[in-house]
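Accompanying notes for the structure given below.
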Amino acid sequence: MAELPSGLLETCVVVGASSDKLRDVYQLHQQNKFVEIPLLEAEVLQVHVPPFVSKETNSSHVIGPTFSRVQRRRSFIRKKRRDRAPDARHNGEAANQSEVSLTTEDISVPKDLDLIALPQLCFPGGLQMANEQREDTYHFLVFTDLFGNRTHGVVAQYYRSLQEAAFQNGHRWISSKYRLFTPFAVCVISKFPYYNALRDCLSCLLVQLRPTRQTDFAEAMKEFSAKLSLVPLPPPGQLHVSFSLRPLQVVLPSREDQDGPIIDVDLHLPLLCFSYTTLLQILSYLLQEQRLVFFSSDWARLTLVAECLLLYLKPLTWQHPYVPVLSRGMLDFLMAPTAFLMGCHISHFEEVAAETEDLILVNIDDGIIQSSCADVIDLATIPLTAAECFISRAESLQLHYDLELCHLGSATEANAFRAQRRDWQTRLNKQIQNICLELLVNIFRGVQDFLNHEHRVFNSEEFLRTREPADQPFYKKVLDTHIFHSFLRDRLNRKQDSFSRMEQNTRNLTHRNRGVTDSPRRPPMSELSRNGYNSYTSPDNRLSKRLGASMPNLDQSLHETHTGISPVRPASLRKMAPDIGLKFPQKVVKVFRLPEFPPPLAYQYVQNYYSEMVASLGKAISATPPDESALLARYHYLRGLVNTVSNRRLDALEDFQSLYKTDSDIFPLQMVKSLVDSLPEADCADRRPELKRLISRLKRDQERESHDDEQEEGAVKRFQLPKKYMQLEEFVKCVQESGMVKDQGTINRLFDALTVGHQKQVGPELFRVFYTIWKETEAEAQEVCLPASVLEHIEPSECVFKLSSSVKTSRGVGKIAMTQRRLFLLTEGRPGYVEVAQYRDLEEVKVSSAPFLLLRIPSLKLRVRGRKEAFEANLKTETELWNLMVKEMWAGRDMADQHKDPHYMQQALTNALLMDAVVGSLQSSKATYAASKLAHFDRIKMEVPMMVPRTTAETLKHKINPSLELAAPRAIDVLLYTPGQLWVSVSGGKVMVFDASSWSLTHTCQVGNARLNCMLEVDKDQVWMGSDDSVIYIISMVAMVCNRQLTEHRSEVTGLALDTDKYSQKVAYSCSAEGTVMAWDVSTLQVKKNFRLSCDRLHSVHSCNVTLWCCSRDSIMEVWRNGSLKHRLHLPEQHKGSAATFSSVLLLLEREEVWSICADSGDVCIWHTKDTSEPYHRVALQDCTGCHCMIKVKNQVWVGGVGRTSTKGKVYILDVDRRLVLKELHGHSDKVTALCSAEDRYILSGAAKHDGKIAIWKVE
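Sequential numbering from 750 applies to the sequence shown in this note's numbering.
The following block contains the structure:
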């Protein structure tokens, strides 16, 4: 049996005093026997639970549905047996007898609903009768089960006269001179927090109940509940759902995205109740998981304010007990020892304050906070910079509806007025969400920099070191909370939620790319030197320039930011946009209006209602243009939902399958699995063969999901120093967890250095000393304060990584500073700058000795190109270490310049800093020798001088290392250039996007979990990617999201091509390994035609006029567009019988030529398109054992391959006209696997996993 999706209504409960008690009270009232009105006990009177109709009860001749509702839940109406009419079964009908029995005794309610506690919560102040008619009141409830799942309730209290309530048979006693009124409560419970919508529904219900007689009350309640049960919930995104409950039109807003919350409350309520400082205090206490109790004289206010505050913290989630409304009988809950968030009536404030300890008491009515045990609350506050930014933005919010819209005319119709108000509230809610999200981003910015994803470790100590000293008590408390641990787990799982998106979008570009250009993590001197390290906050913690530019100057004190505004002027009158700089492109929201409700208790009418809804959604789908794929996805989702509940399962599966092409992010996996499990597979295959694809995909995803869950759902560990001796493998893991170094080769050399002269294991004490020295050196360098006169001589991005002690040099007395670019002398006395050398200008570095009295003092001697005199520094005991470090930096600079690869310089810097820490930790005669084990580039320079051939050096312009932050390099699978961007696919479906102007990383996204084989720019906003998992993924270049998929292929998608048809419509072609070729309509994403070729692993397709050229391992085929074969080119004779296979094909149509290369051959074969029997020309590539990729640019063909004498990758440039090799380029240490052209000015080549880099070559 398929599991049905949850609807709006979970349960509807009526609570009040029993009719027996009301009769007793009425009789006493008639006899004037009580002085004051009594307090009665509330009881559950009715429970209504969907479904309310089912097929089997409709008529006996209709065949029962496949969706059998065996355990049908029914409405329950509380009656005493003696109240039942004795002739209730006089018709003698068994069905009636059964129905009466069930409705009075057999009740099935949701398992999480506590009917015992519910009456107290519906009447938290007690059930108090009144001697006059009172207004209806509403309040809100939240229920939490043992697993933390929440359901939500909206309660409407209304009064009826005691006479009507006590006598349901219409009999009236003679009225006394005083009338009494008794309250009843209707509680609508939903799994979703639709507070405003459900309040609207109850408001409509009470309008209908007023003229209703008590005898018809139960039927009216059941009909109301049944109507709500018919309402489908909107999918995440830009489609809301509305329905009519006369006299109001009720709207259900959708959640913004799959992981976002449903927001159906007025988020500005806490801003009206509290000052901004107080509000920040409350948020701070929530983040620190304190025990909070809210108080108010208004029960509704308790839940609404608490809900708003928890929404302010999204995507962080409160993990502890949450009971926003406590009745007077539940006050003992406040004695719980754990953290909690609860609320109770203001009348209990003094009692709670006196009898409890360590509670934070929040008075909503007065907007103040107190403690139950002290006059002053001694808890850390929100970090100052983040708090100031929040206040600056919040003060600019327009919180008063009348003031904002006073220029508009009065709405003449209630629903129009409500729509106007709702639009205003939605805009305000979004502004508040952005401001609160920015607050969290400013608090926790940079957390991901201290995470090790491979070992799931968070280095909390290092994170704390980057925070302001005044903010550290706050962070120390927060870092130990459940709420932060859950947040960390999401970061480790690389969850792309609202926090990740804003953190990425508001991060300064320089800081965003720091990991690509700098190493290890140090701030540039231009930032450190403003006020020294104490005032420095890490670049990822500070508010970004892009963010700050839209606000008052955040470098000023808070009171200075308000100079342009009169202090007496209300903040609400400001016109500054409160969330400027934080807004993201907002798509237009559509509202789908449901048909008018049918009689909701008749099966046939309900089915007709569903059919009408499906037809209406079909019209909406037809009227939506294909380019609005997100909106189409929501319509398909909604129609799939309706088809599911109306038992049209195959139709539902088709709708859900279409989500792959429109927005796979909202694909309801569990619901679809349940649907598929409820269907006989043969039935599905026979009636809808196209659904077989969906079923096989689900099974494959399920297997992968279980594997991924095992890998990803591990606990988050804090980095701890080791407590036992470590072999190499444990040492590598420990160093990677510490965040010092990730590269495994470097860690292996570090292990050799630390174990020189003794057993090959590192002890815990040695590691502790080494780690401490590493961190102390880092801190000392960050405390360097350079004056402006020095800063003007160095680059803004330079950092001081090492500072010597004060020494005598040939240029004066001072400290030698080492940056990633140069050495300079920081002179003593009045600090001055004396340049020693840039590394690329060094000619000689050696240890010398300088005379001092009768002694010779060790010194470091440097000869610099263009200077006659050598620089000499009496570094004494530091000489040997500085000699090693400077030589390594010199060698790294040389290699970086020769190979145009800044990564070498970065790695050399890491090696030099590790040498420093090794010498400091060993403190022995062998320390310098041990440190020399880390002189990696200097050793390469001395042993095997790495001279780059002149041709290569002239053509090579730059190198990119996409594997920089990984423990080992990854292969470059595919390269694609689109205007201004370079797309790089590395193993496992990871796609990195680089800015082509600076070659800096801008975005990273995960596209499936399998290897990508091909990429294609289809239009201005679409990049298609073919994967080994048989899916074509579609990425939006504007939004940088991958939420559409083409799933028609059965095996690995290996090739993509683009063409236009005779009507100038774009057509894309794709091919898969088993030989299938598909033609796609780009606008509709529908397959126009497909055919299958007989070949051995088809790996590319190319469009050429009226034919397609397809390349497989054993042949190259020219086929007509209908799939019929025109020509087939076989492997050349000399390759037949060998292991050689075609690897790439290139069409030169203007020359009527086809060029081909083979994976195990160094020949380029050139064929004539009119004679395909044999290649008419061959070009032998010197020292080449295999070619893997080929591309044409201008009048050249570039071929990527691998050398014969070594395994190094090579790029060959061939002249098309002369068919000669023009250049042979040596740019990679592994075979070249990918090539792409950037506007015919540059060629980019990517290499296999032993190299993993991208070379950028200039096209002559």
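For glycine and all other residues, C-beta sits at the position ideal for the given N, C-alpha and C.
- Contact holds between the region 1926 to 1936 and the region 1951 to 1970, because three or more Cβ pairs, one in each stretch, are under 8 angstroms apart.
- Residue pairing by DSSP leaves Lys1509 without any beta bridge partner.
- The C-beta distance from Leu1133 to Ala1219 rounds to 7 angstroms, short enough to fall under 8 angstroms.
- Look at the beta carbons and you see the region 1385 to 1402 not touching the region 1780 to 1800: under three pairs across the two are nearer than 8 angstroms.
- Judged by their CB atoms, Arg959 and Thr931 are not nearer to each other than the 8 angstroms cut-off.
- Under the three-state reduction of DSSP, Tyr1354 is assigned to helix.
- Where Trp1631 is concerned, there is no enclosing beta strand (DSSP E), although the alpha helix (DSSP H) around it starts and stops at 1628 to 1648.
- For Gly1009, the three-state secondary structure derived from DSSP is coil.
- When secondary structure is reduced to three states using DSSP, Trp1916 falls in the strand class.
- Scanning its chain for C-beta atoms nearer than 8 angstroms, with the 5 sequence neighbours on each side dropped, one finds around Val1340 the residues Leu988, His989, Val990, Ser991, Val1000, in chain order.
- Distance from the CA atom of Glu1525 to the CA atom of Leu1213, rounded to whole angstroms, is 15 angstroms.
- Counting C-beta atoms within 10 angstroms of its own C-beta, Ser1096 has fewer than 16 neighbours from the protein chains shown and is therefore classed as exposed.
- Judged by their CB atoms, His1926 and Arg1968 are nearer to each other than the 8 angstroms cut-off.
- Rounded to the nearest whole angstrom, the C-alpha separation of Ser1905 and Cys1938 is 10 angstroms.
- Leaving aside the five residues that flank Arg1560 on each side, the residues in its chain whose CB is nearer than 7 angstroms to its CB run, in chain order, Leu1574, Val1583, Phe1620.
- Asn1792 sits in a strand when the DSSP states are folded into three classes.
- Taking each of Thr1504, Thr1700, Gln998, Gly874 in turn and checking the Cα distance to Glu1973, the smallest one comes out for Thr1700.
- By DSSP's assignment, Ala1929 forms a beta bridge with Asp1912.
- Contact between the region 1796 to 1807 and the region 1722 to 1742 is absent: fewer than three C-beta pairs spanning the two stretches fall below 8 angstroms.
- In the three-state DSSP reduction, Thr900 falls in the strand class (E or B).
- Using a Cβ-Cβ distance cut-off of 8 angstroms, the region 1716 to 1725 and the region 1541 to 1554 are not in contact, since fewer than three pairs of beta carbons, one from each stretch, lie closer than that value.
- Ser1378 is positioned such that its CB atom lies closer than 8 angstroms to that of Arg1793.
- Exclusion of the five residues before and after Phe1098 leaves Phe1044 as the residues of its chain whose Cβ lies within less than 6 angstroms of its Cβ.
- In the structure shown, Asp1246 adopts coil according to DSSP, grouped into three states.
- Counting other Cβ atoms within 10 Å of its Cβ, Leu1418 stays below 16 and is therefore classed as exposed.
- In terms of Cα proximity to Val2008, the closest of Ala1165, Glu1703, Lys1063, Lys1448 is Glu1703.
- Where Arg1612 is concerned, the enclosing beta strand (DSSP E) starts and stops at 1604 to 1613.
- With contacts defined as CB atoms closer than 8 angstroms, Thr1856 and Lys1837 fail to qualify as a contacting pair.
- Within the same chain, Pro1881, Cys1914, Ile1915, Trp1916 come within 7 angstroms of Pro1924 by CB-CB distance, once the 5 residues on both sides are set aside.
- For His1094, DSSP records a beta bridge to Ser1045.
- Restricting attention to Lys1919, Val1533, Ile1689, Ile1865, the CA atom closest to the CA of Ser1554 is found in Val1533.
- Residue burial annotation: Pro984 is buried, with at least 16 other C-beta atoms found within 10 angstroms of its C-beta.
- Secondary structure of Trp1173 (DSSP, three-state): helix.
- Apart from sequence neighbours up to five positions away, the residues of its chain that approach Val1072 with a beta-carbon distance below 6 angstroms are Met1091, ordered along the chain.
- Assignment of beta-bridge partners to Gln1587 by DSSP yields Arg1571.
- Proximity to Gln1007 across Leu1059, Ile1415, Asp1404 peaks at Ile1415, based on C-alpha coordinates.
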